[in-house]
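Just so you know, the numbering used here puts 79 at position 58 of the sequence shown, and the rest follows in order with no gaps. Just below is one structure, and these are the notes that go with it.
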Amino acid sequence: QCNKCLAFSHHASQCTRQTHCAICSQEHPTHLHTCSRSDCPIKGKTCLYTTIHCINCKDSHQATSQEC
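Quick look at the structure:
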């Protein structure tokens with residue numbers, strides 16, 4: 022799986038696509054993921070307020086999940 026765009030067809034070294042977050046599928050690296058609540062201190066991982074969204078299948082799990 023590509024660590025940049027999270028697709029399964031290639032690796033990051035060959036990727037020309039936009040970076041996506043494995044947690045929320047937005048256009049930022051996973052390690053820079055932040056909660057939508059300004060008072061939440063958690064960064065780079067899920068919290069109680071995170072809406073998890075897979076960029077690959079659009080389901081409610083992380084893009085790195087075995088469910089995909």
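Each residue gets a CB set at the ideal place from its N, CA and C atoms; glycine is no exception.
{"query": "Supposed contact pair GLN87 and CYS75 - C-beta distance, whole angstroms, cut 8 Å", "result": "With 8 Å as the limit, CYS75 and GLN87 do not qualify as a contact, their Cβ atoms being about 12 Å apart."}
{"query": "Distance, SER34 Cα to LYS25 Cα", "result": "9 Å"}
{"query": "Identity of the residues DSSP links to THR55 by a beta bridge", "result": "LYS64"}
{"query": "Straight-line Cα distance separating CYS56 from CYS68", "result": "7 Å"}
{"query": "For HIS54, the nearest candidate out of ASP60, THR71, ARG38 (CA to CA)", "result": "THR71"}
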